[in-house]
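Here the protein sequences come in this chain order: A and B. In the working numbering, each residue's number is its place in the first sequence (first place is 1) plus 764. In the working numbering, each residue's number is its place in the second sequence (first place is 1) plus 764. Note that CB positions come from ideal geometry on N, CA and C, so glycine has one too. For reference, the structure is listed below as structure tokens.
There are 2 protein chains.
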Amino acid sequence: MIAGAVEAGGTKFVCGIGNEQGEIIDRVSFPTERPEITLPRVIEYFRDKKVEAIGIGTFGPIDLNPSSPHYGHVTTTPKEGWGHYPFLPTLRKEFDVPFGWDTDVNAAALGEAVWGAAQGLDSCLYYTVGTGIGVGVYMEGRLVHGLVHPEGGHVLTRRHPEDRFEGVCPYHGDCLEGMAAGPALEKRWGVEGTELPEDHPAWEIEAFYLAQSIANAVLTLSPKKIILGGGVMHQSQLFPLIRREVARNLNGYVNAPELSGGLDSFIVPPGLGDNAGLAGSLALGLRAAGR
Amino acid sequence: MIAGAVEAGGTKFVCGIGNEQGEIIDRVSFPTERPEITLPRVIEYFRDKKVEAIGIGTFGPIDLNPSSPHYGHVTTTPKEGWGHYPFLPTLRKEFDVPFGWDTDVNAAALGEAVWGAAQGLDSCLYYTVGTGIGVGVYMEGRLVHGLVHPEGGHVLTRRHPEDRFEGVCPYHGDCLEGMAAGPALEKRWGVEGTELPEDHPAWEIEAFYLAQSIANAVLTLSPKKIILGGGVMHQSQLFPLIRREVARNLNGYVNAPELSGGLDSFIVPPGLGDNAGLAGSLALGLRAAGR
């Protein structure tokens, strides 16, 4: 079976097709413009691809409630034209196939559980740390939606004792995203994160915030794997710092072999690398088709 | 159908029988002693009750993995005699019926979702705030276990600006339980919480910590209802303080009608009152029997 995948991001769209082994067979990418420009390009791409299902993992916030009149819309985004535009309904009109529809991070969590770092496990959390911070939640074999959907990038954490930065989140100031996403790194240090050397104190502070939110998520949810993706996590020196801080925060309280030792196989990069988002969308499509 | 329920607490056991409407028909209670004394009393109680299933909601930490050799044990408790005692296996030997087995707080969350404040919803969080703090997690129609089970009472929160108390958690010092459970109240103020007047500053500080952990849980999980039970929550003046602080922390970020206004119907006491634990164990038993 060949399914389609749409990774809908705030700056670019990636469309592709893939199979039940999670292999991406073809892909294209184009900038995110107004939906009246971007969605026709998505439709054009899939027109001759004979896909039997399509999965969409998208930026949000989105409406995930199938009985809502706004199901399949991005809701309150400042992104021009997308707020309450009928994103999913527009594609449904063109293709008579099952559609999967979820947040980009939930899609990535599912992809990692099916083919990636959490393969064979019935739970994982997928963090993306980039221009924003998002957390996909897969628990007991299901993607978590709840009232709206998880927004774990905005949790409050304690302040690093040496950090005086006020934070950049327009809603919460110094929440996790306000303190640890790419724009926070850049504003705090005056240069982009990629320009900071590996041993810069920025990374200790970055790890401090991420680790605290991860430790709290481990206590709240008891996930079987924590997967950290996104541009900032390309700084691979962060992984040992984060693992050390998570262990310090938990302080041996939760008794599980996976949480003892160095957490090396518990807190990991995406098994699907930078494909996690597109493969996750593929997995959403296949799941919608009952595969 | 009549099912049995065991609410196994650190200080007392409650056993009862009930029906599919969640009505408790009979109950007994006795102190928690060593398992060799307490479990025979449980067995004796159910001997002539003709129950078709038994549900157990218990203090922990516990082993919830059915393929583990320690499934059905309390694991690392300091409670004398209970650590790795074959709790569930001992009862299974006596009664050839389906058994439900989960944490006390997960049981209470399930009971509230079936018959209580979250009736008809597929997600809720159940907090108990008493001698400790525990959080039951019910998401997408399933009780969350994951790696071990949630331990949301031990999350880290920011410190109240006027609070100099060091905290009483032996693992984390000033985690949520260390700052806001009954023993923390008593140590901070020198008297039991029940002796503090309704307008004592203790309650603002108590609400501050609980609200922060609730706001973080709302962001992380997006539950459809937050239920607050346990002895400390008998101080009903806490509810408006907590709702106000949760709203302040979220600051309008999550867009849902349930989260606007005063959160009066979002953050609520148990619909089952102090029956939440026993009725929840009953629900576990009924669910184990496929009801």
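Spatial neighbours of residue i in its chain, beta-carbon cut-off 7 angstroms, leaving aside the 5 residues before and after
i                : result
D927 of chain A  : I969
F972 of chain B  : H924, E1009
R805 of chain B  : F794
T1056 of chain B : The structure shown does not extend to residue 1056 of chain B, since chain B spans only 765 to 1055, so no value can be given for it.
W953 of chain A  : L960, A966
E962 of chain B  : Q1001
K951 of chain A  : V932
H834 of chain A  : D827, H848
V861 of chain A  : V815, E816, A817, I818
P914 of chain A  : V899, V901, V908
T796 of chain B  : G773, G774, T775, K776, F777, T802
F859 of chain A  : F810, I818
G1026 of chain A : R1007
A975 of chain B  : I1006, E1009, V1010, N1013
N829 of chain B  : Y835
A979 of chain B  : V1010, N1013, L1014
T984 of chain B  : none
G896 of chain A  : G917, E941, A945
D790 of chain B  : G780, I781
Close-in-space but distant-in-sequence residues of the same chain around residue i (CB under 8 angstroms, 5 per side omitted)
i                : result
A948 of chain B  : F929, G931, V932, E941, G942
K988 of chain B  : A882, L885, D886, S887, C888, E1022
R1051 of chain B : G819, G864, L874
W879 of chain A  : Q785, G786, G1035, L1036, A1043, A1047
E904 of chain B  : D886, S887
M765 of chain A  : N783, E784, E816, A817, L1050, A1053, R1055
Buried or exposed (CB count within 10 angstroms, at least 16 for buried), residue i
i                : result
E959 of chain B  : exposed
T775 of chain A  : exposed
M997 of chain A  : buried
R1012 of chain A : exposed
S986 of chain A  : buried
Y809 of chain A  : buried
P842 of chain B  : exposed
V770 of chain B  : buried
E876 of chain A  : buried
V955 of chain B  : exposed
D866 of chain B  : buried
N1039 of chain A : buried
Extent of the continuous alpha helix (DSSP H) run through residue i
i                : result
E968 of chain A  : 965 to 985
W953 of chain A  : 946 to 953
E1009 of chain B : 1002 to 1014
G1049 of chain A : 1040 to 1052
Close Cβ partners of residue i (< 6 angstroms) along its chain, the five nearest in sequence each way excluded
i               : result
S747 of chain A : Outside the modelled stretch of chain A, which goes from 765 to 1055, sits residue 747 of chain A, for which no answer is possible.
L730 of chain B : A question about residue 730 of chain B goes unanswered here, because the residues of chain B that appear run from 765 up to 1055.
A871 of chain A : G821, G1044, S1045, L1048
G845 of chain A : R798, P799
G994 of chain A : T892, V893, G894
H848 of chain A : H837
S977 of chain B : V919, T921, L940
G898 of chain A : V869, T892, G917
S793 of chain B : K776, V778
P853 of chain A : G836
Endpoints, the beta strand (DSSP E) within which residue i is located
i               : result
A772 of chain A : 767 to 772
F851 of chain B : Unbroken run through F851 of chain B is the alpha helix (DSSP H), 851 to 858; no beta strand (DSSP E).
L992 of chain B : 990 to 993
E861 of chain A : Here residue 861 of chain A is Val; the residue named in the question, Glu, does not match the sequence. Segment: none, V861 of chain A is in no beta strand (DSSP E) and carries neither H nor E.
I782 of chain A : Residue 782 of chain A is actually Gly in this sequence, not Ile. Start and end: 776 to 782.
Minimum Cβ-Cβ distance from residue i to chain C less than 9 angstroms
i               : result
M903 of chain A : Of the protein chains in this structure, namely A and B, none is chain C.
Problem set entry | Inside the region 786 to 830 of chain B only - beta strand (DSSP E) runs reaching at least 3 residues | If we require 3 residues or more, the beta strand (DSSP E) runs fully inside the region 786 to 830 of chain B come out as 788 to 795, 818 to 822.
Problem set entry | Residue ranges of each beta strand (DSSP E) within the region 870 to 919 of chain B, 3 or longer | Correct list: 888 to 893, 897 to 903.
Exercise. Between the region 1013 to 1027 of chain A and chain B, which residues of the former have CB atoms less than 9 angstroms from a CB of the latter, in chain order?
Worked result: Look at the region 1013 to 1027 of chain A: the residues with a C-beta under 9 angstroms from a C-beta of chain B are N1013, L1014, N1015, G1016, Y1017, V1018, N1019, A1020, E1022, L1023.
For this session: Name, going along the chain, the residues of the region 952 to 976 of chain B whose beta-carbon falls closer than 7 angstroms to a beta-carbon of chain A.
Result: Against chain A - using a Cβ distance shorter than 7 angstroms - the residues of the region 952 to 976 of chain B are Q976.
Problem set entry | chain A contacts from the region 910 to 941 of chain B (Cβ-Cβ distance under 7 angstroms) | From the region 910 to 941 of chain B, only G910, L911, V912, H913, P914, E915, G916, H918, V919, L920, R922, Y935, H936 have a Cβ closer than 7 angstroms to chain A.
Exercise. Any residues in the region 976 to 988 of chain A with a beta carbon nearer than 9 angstroms to a beta carbon of chain B? Which ones, in chain order?
Worked result: Listed by position along the chain: Q976, S977, A979, N980, A981, V982, L983, T984, L985, S986, P987, K988.
For this session: Output, in sequence order along the chain, the residues in the region 830 to 848 of chain A whose CB is closer than 7 angstroms to any CB in chain B.
Result: For the region 830 to 848 of chain A, the beta-carbon criterion of a distance under 7 angstroms to any beta-carbon of chain B is satisfied by T839, T840.
Problem set entry | Against chain B: residues of the region 864 to 887 of chain A by CB proximity under 8 angstroms | Look at the region 864 to 887 of chain A: the residues with a C-beta under 8 angstroms from a C-beta of chain B are S887.
Exercise. Using a Cβ cut-off of 8 angstroms, which residues of the region 802 to 827 of chain A contact any Cβ in chain B, in chain order?
Worked result: Answer set for the region 802 to 827 of chain A: P825.
Problem set entry | Residues, ordered as in the chain, of the region 770 to 797 of chain A that lie near chain B by beta-carbon distance below 9 angstroms | Taking 9 angstroms as the Cβ-Cβ cut-off against chain B, none of the residues of the region 770 to 797 of chain A qualify.
For this session: Pull out every residue of the region 997 to 1012 of chain A whose Cβ sits closer than 8 angstroms to any Cβ of chain B, in chain order.
Result: Flagged: no residues at all.
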